[in-house]
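Chains A and B are the protein sequences, given in the same order. Under our numbering, the first residue of the first sequence carries the number 1, and numbering increases by one thereafter. Under our numbering, the first residue of the second sequence carries the number 1001, and numbering increases by one thereafter. Step one of this worksheet: look at the structure below.
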Amino acid sequence: MALVRVRGPLKQLAGGCSDHAFEGATVADLLHELERAHPAVGGWILDERGLVRRHINVFVNGEQGGAETAVDAADHVDVLPAISGG
Amino acid sequence: MTELLVGTRKGLFALEGEPGGRFEVTARAFAGEPVEYAMRDRRSGRLIASVTSAFYGPKLWYADGPTGEWQQAEGVALPEGGESALERVWVIVAGESDGSLYAGGDPGVLFESRDGGATWELNRALWEHPTRESWQAGGGGLCLHSIVPWPGDPDRLSLAISAAGVWLTDDGGKTWRQGNEGLVARYLPEEAREGATALCVHRLHRARRLPERMFLQFHGGVYRSDDAGETWTDIGAGLPSDFGFPLALDPADPDSAYVIPLVADMDRVTPDGRVRVYETRDAGAGWAERGDGLPQQDAYLTVLRHGLDRTGDGSSLELYFGATSGDVFGSGDAGASWFTAATRLPPVLSVTAGD
């Protein structure tokens, strides 16, 4: 199973746990699984369209990816707020 | 003691004080996050706040007090799998039914809660309105920023959307119709103004003691309606500028309105470096300058659409407004004189007042 890592408020919403293992073929699959396992995360990473929010970055094994990036069981996905704001 | 809930670009600030003196910051919540709007529902005492995280999107939160435990409200989202996402919740207003609250947001959407703000439901009739395809966003997005109940009648409600004009319902939101006759969009070519629906309303309010009477600050123009928003008459003559955003009324006087003019759409600051509120007590026939105690030199402030609010009425009317400069000003005598309630807050997005 691939690993999804969250931190900050997302970790709190995900039951206080940063690492979550799920099966899926894409980043979006994993994030949907995360939402199913922890409904409080719903709407925080993916918007209603199913898109990763504009100022959230996802990295697959350290390389920036997106919702449609393919993953396999050995991969880990970090979900981080982007370096933006003012 | 008056309570101000000040939504800023960097959190919610609760202030308390007496008119005439400095207000004390009693609490800060959502540190670092833009708080678009916060209100206290006077029926339940509950606070409800709209917070738009740059990272995690717009959310509504509720708590018993500003230092209490904030809980995320449910249902504040658009239907999943569509082409739109909720961008921001602009305003929260108490409805006329027990426990009823309304929230307006971008893209031109209305939510209703029937349990005091814990759960919300999208108004489908407005969301699926056949004209929606033609709605145009204003500079701040397609924002539903004004929700105006009819005192004592939960079926009658008026809305304003920038830039999709005024909307009216007489059946509790099952059907909606436009109420734009008389509004003149000077920002459009003359030949395009007749029947235009790209109407950039900035703020809308209803006179509590005469519900057919409404006032509207437009993107160039201040208007009054005497038929519950069906038709509008320009009452902006006599103001230094008829461009501005916020609007407040004295609930005791249906002929009253307060506006804060800005120079123009291309220069959104107080005219001549002087901060002045303008008041009418004759339904817009004339306007009186109310600047006593406000900065009158080198003061180029911007006051946003939800930056002005009132509490009390008649001779007890208190007015408060905040600017993007981080200053908050107040009046305890219906605008006759003003004092500085707070300075050096983050840019102020909204002010709501209560006691």
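Cβ atoms here follow ideal geometry from the backbone N, Cα and C, with glycine treated the same way. Quick caveat: nothing in here was measured; it's all calculated off a predicted structure.
In the DSSP assignment, Asp-29(A) falls within the unbroken alpha helix (DSSP H) covering 27-37.
Separation of Glu-1036(B) and Trp-1090(B) (C-alpha to C-alpha, rounded to the nearest whole angstrom) is 6 Å. When Cβ-Cβ separations below 8 Å define contact, His-32(A) makes no contact with chain B. Leu-1004(B) and Val-1277(B) have their alpha carbons spaced roughly 19 Å apart. Using a CB distance cut-off of 8 Å, Ala-67(A) does not count as an interface residue toward chain B. Here the alpha carbon of Val-58(A) sits roughly 21 Å from the alpha carbon of Glu-1033(B). For Arg-49(A), the chain B residues whose Cβ falls inside 9 Å of its Cβ are Leu-1078, Glu-1080, Gly-1081, Gly-1082, Glu-1083, Ser-1084, Ala-1085, in order along the chain. The alpha-carbon of Leu-3(A) is positioned some 48 Å away from that of Val-1148(B). Looking only at Glu-1018(B), Pro-1107(B), Glu-1190(B), Gly-1152(B), the smallest Cα-Cα distance to Gln-1136(B) is reached by Pro-1107(B).
Gly-1099(B) and Val-1109(B) have their C-alpha atoms spaced approximately 20 Å apart.
In chain order, Asp-1250, Arg-1310, Ala-1334 place their CB closer than 7 Å to the CB of Leu-1317(B), counting only its own chain and leaving out the 5 sequence neighbours on each side. For Gln-12(A), the enclosing alpha helix (DSSP H) begins and ends at 8-13. When Cβ-Cβ separations below 8 Å define contact, Ala-28(A) makes no contact with chain B. With the rule of 3 Cβ pairs closer than 8 Å, the region 1290-1298 of chain B does not count as touching the region 1235-1246 of chain B. Assignment of beta-bridge partners to Phe-1215(B) by DSSP yields His-1205(B), Arg-1224(B).
For the region 1234-1260 of chain B, the beta-carbon criterion of a distance under 7 Å to any beta-carbon of chain A is satisfied by none of its residues.
The residue among Asp-1234(B), Cys-1200(B), Arg-1177(B) with its C-alpha nearest the C-alpha of Phe-1215(B) is Asp-1234(B). Note on Glu-1087(B): 16 or more other CB atoms within 10 angstroms of its CB, so buried under the neighbour-count rule. Taking a beta-carbon distance threshold of 8 Å, Arg-53(A) counts as an interface residue toward chain B.
Fully enclosed beta strand (DSSP E) runs of no fewer than 3 residues occupy 1277-1280, 1288-1290, 1308-1311, 1318-1322, 1328-1331, 1339-1342 of the region 1270-1345 of chain B, in order along the chain.
Rounded to whole angstroms, Ala-1085(B) and Val-77(A) show a C-alpha spacing of 24 Å. With respect to Leu-1183(B), Arg-1177(B) sits apart: the two C-beta atoms are not nearer than 8 Å. Along the length of the region 1123-1201 of chain B, whole alpha helix (DSSP H) runs at least 4 residues long occupy 1124-1127, reported in chain order. Chain-ordered, the chain A residues with CB closer than 8 Å to the CB of Gly-1057(B) read Gly-43, Trp-44, Asp-47, Arg-53. Using a Cβ-Cβ cut-off of 7 Å, Ala-1031(B) is close to nothing in chain A; its nearest Cβ partner there is about 12 Å away.
With contacts defined as CB atoms closer than 8 Å, Ala-1283(B) and Gly-1307(B) fail to qualify as a contacting pair. In this structure, the straight-line span from the alpha carbon of Arg-1290(B) to that of Glu-1279(B) is close to 7 Å. Residue pairing from DSSP places Glu-1121(B) in a beta bridge opposite Glu-1112(B). Any Cβ of chain B closer than 8 Å to the Cβ of Ile-56(A) would place that residue at the interface, and such an atom is present. Judged by pairs of C-beta atoms under 8 Å, the region 1053-1071 of chain B touches the region 39-59 of chain A, as three or more such pairs exist.
Put simply, the backbone Cα of Ser-1162(B) is about 34 Å away from that of Ala-28(A).
For the options Arg-1274(B), Glu-1083(B), Glu-1112(B), the alpha carbon positioned closest to that of Ser-1097(B) is the one of Glu-1112(B). Thr-1175(B) and Leu-1126(B) have their C-alpha atoms spaced approximately 8 Å apart. Beta-bridge partners assigned by DSSP to Thr-1008(B): Gly-1011(B), Val-1348(B). Comparing alpha-carbon positions, the option among Val-1076(B), Val-1263(B), Gly-1082(B) lying closest to Ile-1092(B) turns out to be Val-1076(B).
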